Amino acid sequence: QTSLQEAKAFHGELNTQMRSIQTKTAQLSVNEVNAKLDGFMQKSGEFTSTFQALNAQANVRRHTVVALLK
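Residue numbers 1 to 70, in the UniProt record's numbering, belong to the letters of the sequence shown in order.
Right under this line is the structure:
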């Protein structure tokens with residue numbers, strides 16, 4: 001029973017905080033949202049390229065170690 005009451009209290013507090021944030025936050029325009037999404041897409045591509053390069057380097061080292069162990 002105590003856990004249920006604590007969960008309800010937590011949920012109520014969370015809802016209060018969320019409402020407070022929603023009233024303070026300005027709504028973005030469609031153009032602003034699109035600009036942010038374009039930025040995310042660009043950063044995503046950069047991250048993918050970097051990750052693939054690091055993964056390739058790790059594979060070379062891994063294959064070298066395996067070859068040395070044979």
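Cβ atoms here follow ideal geometry from the backbone N, Cα and C, with glycine treated the same way.
Quick caveat: nothing in here was measured; it's all calculated off a predicted structure.
Query, Result
"Three-way DSSP call (helix, strand, coil) for Lys36 in this model", "helix"
"Own chain residues within Cβ distance below 7 angstroms of Val66, not counting five before or after", "none"
"Alpha-carbon to alpha-carbon, Ser20 and Leu28", "17 angstroms"
"Reduced DSSP category for Ala26 - H, G, I as helix; E, B as strand; rest coil", "coil"
"Alpha-carbon spacing of Leu54 relative to Glu13, whole angstroms", "44 angstroms"
"For Ala56 and Thr50, the rounded distance between their alpha carbons", "10 angstroms"
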